[in-house]
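The structure appears below as structure tokens.
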Amino acid sequence: MKKFYCIEPDLCMSQPELIIQSSKDIVLPKYLYTQLIYLKNGNFANATTTATQILDVLEAETHSNDLIFRNLNNGIIYFINEKIYGDQLNILNIPLDNNNLLDCYLLSSLHLAEILESQIVFLASSPELRRKCHSLNMEIMVVEELFVGGETWFKPELFLPLQESTVQQEVTVPEMTQQEYNNRESTINNIAEIPFVITEPESPKDNSLPSIEWRDIPMPPKPNNIQWVDIV
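With the first letter of the sequence shown counted as 1, position 149 gets the number 1040 in the numbering used here; the numbers rise by one all the way through.
The following block contains the structure:
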């Protein structure tokens, strides 16, 4: 079975040679590419230097609308849209958070592996990410393996099914949601046709109020000698 390689994004920033010099087929999250552009255009000392070093080396594939690049050793770098992961979140047995970008990277990589009928090899350093990779039956590698020579097999046309699934997820409206939307629009349009009935409040049968008489009661000088007077 063919393999492609994923790298923990933090490692790419601390060891840019992983992207620049590898001859493997590498899949990285799109949010990392966005971050690299932001850092290159900013003024963030070493981070800006690293981002510039990486981006200046990558050469975009001319016959693709995807973020597919070649590095110095002719390795392929594909930045995948981590938000597109099919049904992976529903079929996995381990809890992953689709609000966590790193988890989305795992999900989208699994989705791609399913489309390409391939296996994922992951370079991870953090214990939590390594644990998740083991739970997902991903092969864990060491840094040295990434620089072992080999031929790339990624081609732009391989990612067309992923583009189609992306379009489908972006434009398809769930039937129930559409029905709810139609019902809401119908309700709003018919509000003016609802008759409003204004009624006068009923008058009380007896509007008379009880008469209240206030009397000044002289208080004796002795304490605790209080005279109570009933008022009729």
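Beta carbons: idealized from backbone N, C-alpha and C, even for Gly. None of these values were measured; they are calculated from a predicted model.
Assuming residue i is part of the alpha helix (DSSP H), what are its boundary residues?
| i | result |
| --- | --- |
| Tyr1130 | Residue 1130 is absent from the structure shown; the chain starts at 892 and stops at 1123. |
| Ile982 | Gln979 to Ile982 |
| Lys1023 | Pro1018 to Ser1026 |
| Asp901 | Pro900 to Ser905 |
| Glu1048 | Here Glu1048 belongs to no alpha helix (DSSP H), and DSSP marks it neither H nor E. |
| Leu909 | Glu908 to Ile911 |
Is the beta carbon of residue i sitting closer than 7 Å to the one on residue j?
| i | j | result |
| --- | --- | --- |
| Ser913 | Leu1037 | yes |
| Thr921 | Asn989 | The amino acid at residue 921 is misidentified as Thr; the sequence shows Lys. Contact flag unset, no. |
| Ile967 | Thr1043 | yes |
| Pro907 | Ile945 | yes |
| Asn937 | Val948 | no |
| Ile1011 | Cys903 | no |
| Lys931 | Thr941 | no |
Which residue or residues does DSSP assign as beta-bridge partners of residue i?
| i | result |
| --- | --- |
| Ala951 | Phe960 |
| Tyr969 | Val918 and Ile959 |
| Lys894 | Gln1010 |
| Ile1031 | Phe1013 |
Can you give me the C-alpha to C-alpha distance between residue i and residue j, rounded to a whole angstrom?
| i | j | result |
| --- | --- | --- |
| Ile917 | Leu980 | 22 Å |
| Asn984 | Asn934 | 42 Å |
| Leu993 | Ser1009 | 20 Å |
| Leu919 | Gly1041 | 19 Å |
| Pro1047 | Phe960 | 10 Å |
| Ala1015 | Tyr996 | 13 Å |
| Pro986 | Arg1022 | 12 Å |
| Lys915 | Phe1045 | 9 Å |
| Asp978 | Thr953 | 31 Å |
| Asn964 | Ser1017 | 27 Å |
| His1002 | Thr939 | 32 Å |
| Gln926 | Met1032 | 25 Å |
| Val1039 | Leu1027 | 24 Å |
| Ile1004 | Leu998 | A small correction: the amino acid at residue 1004 is Ala; Ile does not occupy that position in the sequence shown. One C-alpha to the other measures close to 10 Å. |
| Ser955 | Pro1052 | 14 Å |
| Val1064 | Ser1000 | Low per-residue confidence applies at Val1064: pLDDT is 32, beneath 50, and the placement is therefore not dependable, though the value from the model is reported in the following sentence. Each residue's alpha carbon lies about 25 Å from the other. |
| Ile911 | Glu1035 | 14 Å |
| Ser905 | Ala951 | 23 Å |
| Ile928 | Leu909 | 18 Å |
| Met1029 | Asn991 | 19 Å |
| Glu1066 | Ile982 | At Glu1066, the pLDDT of 39 sits below 50, so the modelled position is not reliable; the number obtained from the coordinates is stated separately. Straight-line Cα distance between these residues: approximately 22 Å. |
Assuming residue i and residue j are in contact, meaning their beta carbons sit under 8 Å apart, how far apart are those beta carbons, in whole angstroms?
| i | j | result |
| --- | --- | --- |
| Leu1049 | Leu1007 | 6 Å |
| Tyr924 | Phe970 | 4 Å |
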